[in-house]
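Trainee: Sharing a structure here in structure tokens format.
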Amino acid sequence: MFESLADKLKDSKNIVFVTGAGISQKSGIPTFRGKDGLWRKYDAMKLATVDAFYENPKLIWEWYEERRRNIIAAKPNAGHLAIAELEKFKTVHVLTQNIDGLHQRAGSTKVYELHGSIITIKCTWCDFKDAITSSFSELPPICKCKNILRPDAVWFGEPLPQDIWQTAIQQASSCDVMVMVGTSLAVSPANLLPVYAKQNGAILIEVNPEETMMSANVDLSIRSSAARALPELLSVFQRQ
Ligand code: APR
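Per numbering that gives the first Met the number 0, the very first residue in the sequence shown carries number 0; after that it's consecutive.
Shown next as structure tokens:
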């Protein structure tokens, strides 16, 4: 799959992965826009916006708690594990749109969660933030300051965590290779990261069974699943 770029990959120093829901699909976590995507069943604007949350916090919490239980039961797949293993050969940064924490559970050490995390919670008022370690007795959960708590996910229309976004731009602008895996690149500003990488001369590789809006601009498109393609990418470095 990667033979045409094998030499350039072996000579590379910094590899950045931009990942989306597709890399977790084989772990049993549905994508948003694919054929069985979440947004086909639910209206994103009714579940993943601040207005939707304040209109019906209990509904949004029930939806997130259902997803969180599913995610906690999920396991990293061969795609996540291959990216983690690649750290033995190269400097690897993972800029993920996923909130499922599977990259970290696979062993990746430099993971930047652009859209937050489903396993952390924060207050809608004070600066309380903590990991969610058990289910809640009531939904929505209430902070000690008496305001409601919310999932620590970035909703449509909200800014990304500034420190994480700045790091993402810096890593995208200084990598030799960027691999976009399992993302439709439909959502900004995450979909700008490949543009920054290309502007700085990086090799762009896309791993996705379907075309994306960046497909025409990449150096190599691998029409395959992450769980099949990423172990093949890893083997390029293992043969070094
Ligand atoms: N391996 C690789 N890619 C896959 C696989 C797989 N096994 N299965 C599906 N895909 C691809 C689909 O073809 C699609 O292009 O993964 C992509 C998933 O795209 P989306 O569902 O749009 O997910 P994502 O790109 O992560 O969405 C970005 O949108 O709703 C918001 O905040 C949410 O972070 C999410 C953001």
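For glycine and all other residues, C-beta sits at the position ideal for the given N, C-alpha and C.
What does DSSP give as the partner residue(s) for Thr95 in the beta ladder?
Mentor: Beta-bridge pairing links Thr95 to Thr18 and Glu112.
Trainee: For Ser107 and Ala73, which I take to be in contact (beta-carbon distance under 8 Å), what is that distance rounded to the nearest angstrom?
Mentor: With a Cβ gap of about 16 Å, Ser107 and Ala73 do not count as contacting.
Trainee: Could you name the residues that DSSP lists as bridge partners for Leu219?
Mentor: Beta-bridge pairing links Leu219 to Ile204.
Trainee: If I'm right that Ile131 touches His114 with Cβ under 8 Å, what's the distance once you round it to whole angstroms?
Mentor: With a Cβ gap of about 16 Å, Ile131 and His114 do not count as contacting.
Trainee: How close, in whole Å, do the beta carbons of Thr18 and Gln96 come, if the pair is a contact with beta carbons under 8 Å?
Mentor: The pair is a contact, with the Cβ atoms about 7 Å apart (cut-off 8 Å).
Trainee: Based on the DSSP secondary-structure assignment, which residues constitute the bridge partners of Asp129?
Mentor: According to DSSP, Asp129 bridges with Ile120.
Trainee: Where DSSP assigns a beta bridge to Val49, which residues make up the other side?
Mentor: For Val49, which the question treats as bridged, DSSP gives no partner whatsoever.
Trainee: Any contact of the region 198-215 with the region 167-183, i.e. 3+ C-beta pairs under 8 Å?
Mentor: Touching, yes, given that three or more Cβ pairs across the two stretches are closer than 8 Å.
Trainee: Report yes if the CB atom of Ala225 is closer than 9 Å to the CB atom of Ala105, and no otherwise.
Mentor: Not in contact: Ala225 and Ala105 (Cβ atoms no closer than 9 Å).
Trainee: In the region 148-179, which residue ranges form an unbroken beta strand (DSSP E) of at least 3 residues, counting only runs that do not cross its ends?
Mentor: The qualifying runs are 148-152.
Trainee: According to DSSP, is Leu190 part of a helix, a strand, or is it coil?
Mentor: It should be noted that the sequence gives Asn, not Leu, for residue 190. Residue state, collapsed to three classes: helix.
Trainee: Considering only C-alpha positions, which residue in the set Glu112, Trp154, Lys7 and Glu61 is nearest to Asp50?
Mentor: Measuring from the Cα of Asp50, the nearest candidate turns out to be Trp154.
Trainee: Let me check one thing: in DSSP terms, what residues is Asn13 bridge-paired to?
Mentor: Paired residues: Thr90.
Trainee: Expressed to the nearest angstrom, what Euclidean distance is found between the alpha-carbon atoms of Ala152 and Ile59?
Mentor: Those two C-alpha atoms are separated by around 12 Å.
Trainee: Count the other CB atoms, across all protein chains shown, that sit within 10 Å of the CB of Gly21; report buried if there are 16 or more and exposed otherwise.
Mentor: With 16 or more other Cβ atoms within 10 Å, it is buried.
Trainee: Of the choices Tyr111, Gln169 and Pro140, whose alpha-carbon is the least far from that of Pro160?
Mentor: For Pro160, the nearest C-alpha among the options comes from Tyr111.
Trainee: Using 8 Å as the cut-off, classify the Cβ of Lys25 as near or not near the heavy atoms of ligand 3, replying yes or no.
Mentor: No copy of ligand 3 appears in this structure; the ligands present are ligand 1.
Trainee: Cβ of Pro160 versus every heavy atom of ligand 1: is any distance shorter than 8 Å?
Mentor: Flag unset: Cβ of Pro160 not near ligand 1.
Trainee: Can Asp218 and Leu203 be called in contact, C-beta distance under 9 Å?
Mentor: In contact: Asp218 and Leu203 (Cβ atoms closer than 9 Å).
Trainee: Do the CB positions of Asn13 and Val93 come within less than 9 Å of each other?
Mentor: Contact flag unset, no.
Trainee: Alpha carbon to alpha carbon, what distance is there between Ala185 and Gln169?
Mentor: Cα to Cα, the separation comes out at about 21 Å.
Trainee: Cutting at 6 Å between CB atoms, please list the residues of its own chain near Lys89, excluding the five before and the five after it.
Mentor: Here the set comprises Ile14.
Trainee: If you reduce the DSSP assignment to three classes, tell me which class Ile141 lands in.
Mentor: Strand.
Trainee: If you draw a straight line from the C-alpha of Asn216 to the C-alpha of Ala228, how long is it?
Mentor: Roughly 20 Å between the two C-alpha positions.
Trainee: Between Ile147 and Cys122, is the Cβ-Cβ spacing less than 9 Å?
Mentor: Contact flag set, yes.
Trainee: Considering Arg238, what are the terminal residues of the alpha helix (DSSP H) in which it resides?
Mentor: No alpha helix (DSSP H) holds Arg238; DSSP gives it neither H nor E.
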